[in-house]
Amino acid sequence: MTPDQAAAFARIALGHVTREYPHKADHVMTGDADAYLPRRVHPIFFGSFDWHSCVHGYWLLTRIRRLFPDLAEAAAIDALFADAFTAEKVAAERAYLDQPMSRGFERPYGWAWLLMLHSELIVAGSPHAATLRPLADAFAERWRAHLPLMTYPVRVGIHANTGFAVVLADRYARVTGDTALRELMAERVRHWFDTDRAAQAWEPSGEDFLSPVLMEAMAMQRVLPADAFVAWFADFLPALGAGEPATLLTPARISDRSDGRIAHLDGLNLSRAWAMRALAPAIGGTAGGVLEAAADAHLSAALGEIAGDYMGEHWLATFALLALTGVD
Numbered sequence: 086m087t088p089d090q091a092a093a094f095a096r097i098a099l100g101h102v103t104r105e106y107p108h109k110a111d112h113v114m115t116g117d118a119d120a121y122l123p124r125r126v127h128p129i130f131f132g133s134f135d136w137h138s139c140v141h142g143y144w145l146l147t148r149i150r151r152l153f154p155d156l157a158e159a160a161a162i163d164a165l166f167a168d169a170f171t172a173e174k175v176a177a178e179r180a181y182l183d184q185p186m187s188r189g190f191e192r193p194y195g196w197a198w199l200l201m202l203h204s205e206l207i208v209a210g211s212p213h214a215a216t217l218r219p220l221a222d223a224f225a226e227r228w229r230a231h232l233p234l235m236t237y238p239v240r241v242g243i244h245a246n247t248g249f250a251v252v253l254a255d256r257y258a259r260v261t262g263d264t265a266l267r268e269l270m271a272e273r274v275r276h277w278f279d280t281d282r283a284a285q286a287w288e289p290s291g292e293d294f295l296s297p298v299l300m301e302a303m304a305m306q307r308v309l310p311a312d313a314f315v316a317w318f319a320d321f322l323p324a325l326g327a328g329e330p331a332t333l334l335t336p337a338r339i340s341d342r343s344d345g346r347i348a349h350l351d352g353l354n355l356s357r358a359w360a361m362r363a364l365a366p367a368i369g370g371t372a373g374g375v376l377e378a379a380a381d382a383h384l385s386a387a388l389g390e391i392a393g394d395y396m397g398e399h400w401l402a403t404f405a406l407l408a409l410t411g412v413d
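Here the sequence shown stands for residues 86 to 413, numbered as in the numbering used here.
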């Protein structure tokens, strides 16, 4: 990733994390008193079209501020964070979780991104990490309580995907030293995925921004010893070295970027590139080379589509940053 790319991504995020409208709410009303105005209910994460995109917009800014401290945009990021991350605003975000119908609020995608944001603030040595901690603690506790209830994983290519949430939450657990959470996730991931073989990769679906197959593989990579993961992966995608399944290795085509759901497919190309780049070194050999080549093709298809229509612009730079820098 170059400084020019980082600066462009920062400018995109700075342009939308405080843009209140249009806004898509994850909100359940039980009466007139629950009427919803984004900035009133979510005084930090009210922008970027929806709550979770605003959270990972702040993650993007935190990571870029850490990796590229000399960018001209650093001053604007610092000013934004000083205004956003106050104890009062964090308390208001935290209080929303106590409402009767908020149990499923942003589960698990928004939970995982909030944990990622907190872990990035910690790694950056930011004083805002301590301010945000009550909210991160609340989501971590929700994740711990929810995992044992999940008899089955969610294997879709959109927000509910279980493997994606595990990968992000694992980074948080490692940064914070939460060994118990890592062990719980490892037990659940193996329960869900250990016996999976010969993945068919019937993807993409028309609204995917995640690969169910690759997210599962990344989750397993996080919890298995290296040798055990290589053995599992060889059974999971046994024909990968021969370029199969082709559907997994071929970039998605996007027919209408003004349609927010179809625009998800740009994100799929980016998240596949991220996953392939993470998996390839662990796999090695011919299969690893296939993943590397496919990652390059997916990046080439998507990097030029980060900005333009707001339906993609409010979130795609985050997935480009994942593809270019990884989780850690």
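Just so it is clear, CB atoms sit at the ideal spot from N, CA and C, and this is done for glycine as well.
With 16 as the cutoff for other CB atoms within 10 Å, does residue i come out buried or exposed?
| i | result |
| --- | --- |
| M114 | exposed |
| P297 | buried |
| G370 | exposed |
| P193 | buried |
| P212 | exposed |
| T264 | exposed |
| L199 | buried |
| A254 | buried |
| S138 | buried |
| R188 | exposed |
| A283 | exposed |
| D293 | buried |
| L322 | buried |
| Y143 | buried |
| W228 | buried |
| A221 | buried |
| A258 | buried |
Skipping 5 residues on each side, what residues in its chain have a beta carbon closer than 7 Å to that of residue i?
| i | result |
| --- | --- |
| A275 | Strictly speaking, residue 275 in this sequence is Arg, with Ala absent from that position. The answer, listed in chain order, is V308. |
| A95 | L146, I149, L156, E158, I162 |
| A172 | T216 |
| M305 | V274, F278, F314, W317 |
| V260 | S204, I207, V208 |
| E268 | none |
| L384 | A358, A408 |
| Q184 | none |
Considering only residues of the same chain and omitting the five flanking positions on each side of residue i, which have a CB-CB separation below 6 Å?
| i | result |
| --- | --- |
| L295 | G242, N246, F249, S356 |
| G373 | A365 |
| T403 | H141, L145 |
| L409 | M86 |
| A271 | V308 |
| F130 | W136, C139, V140 |
| A197 | A250, L253, A254 |
| A118 | none |
| A387 | D351, N354, L355 |
| V231 | For the sequence presented, residue 231 should be read as His rather than Val. Excluding positions up to five away in sequence, the list is empty. |
Can residue i be considered in contact with the ligand FAD, in the sense that its beta carbon sits closer than 8 Å to one or more heavy atoms?
| i | result |
| --- | --- |
| R148 | Ligands in the displayed structure: none, and consequently the ligand FAD is not present. |
If residue i and residue j are in contact, beta carbons under 8 Å, what's the gap, nearest whole angstrom?
| i | j | result |
| --- | --- | --- |
| G132 | T87 | Wrong, their Cβ atoms sit about 26 Å apart, outside the cutoff. |
| V412 | R256 | 5 Å |
| L325 | V375 | 6 Å |
| A358 | A380 | 4 Å |
| P123 | E105 | 5 Å |
| R179 | P219 | 5 Å |
| A337 | L350 | 4 Å |
| F134 | H108 | 6 Å |
| G397 | A348 | 4 Å |
| L401 | G345 | Actually they are not in contact, since the Cβ atoms of L401 and G345 sit about 11 Å apart, beyond 8 Å. |
| I97 | I339 | With a Cβ gap of about 18 Å, I97 and I339 do not count as contacting. |
| A91 | F153 | 4 Å |
| G195 | W136 | 6 Å |
| M303 | A363 | 6 Å |
| E301 | D281 | 7 Å |
With a threshold of 8 Å on Cβ separation, who are the neighbours of residue i within its own chain once the five nearest residues in sequence on each side are excluded?
| i | result |
| --- | --- |
| R151 | E205, V208, A209 |
| L165 | L99, V102, T103, L146 |
| A223 | R179, L182 |
| G328 | L334, V375 |
| Q285 | P330 |
Could you please give the first and the last residue of the uninterrupted alpha helix (DSSP H) stretch that includes residue i?
| i | result |
| --- | --- |
| V126 | 123 to 126 |
| P90 | A small fix is needed here, since residue 90 is Gln in this sequence, not Pro. Segment 88 to 99, the alpha helix (DSSP H) holding Q90. |
| H399 | Counting along the chain, H399 falls outside any alpha helix (DSSP H), and DSSP gives it neither H nor E. |
| W416 | The structure shown does not extend to residue 416, since the chain spans only 86 to 413, so no value can be given for it. |
Ordered list of beta strand (DSSP E) runs contained in the region 304 to 374, each at least 3 residues: none
Inside the region 210 to 255 only - alpha helix (DSSP H) runs reaching at least 4 residues: Counting only runs of 4 or more, we get 213 to 231.
Ranges of the alpha helix (DSSP H) found wholly within the region 131 to 203, counting only runs of at least 4: For the region 131 to 203, the full-length alpha helix (DSSP H) segments reaching 4 residues or more read 136 to 152, 159 to 169, 172 to 181 along the chain.
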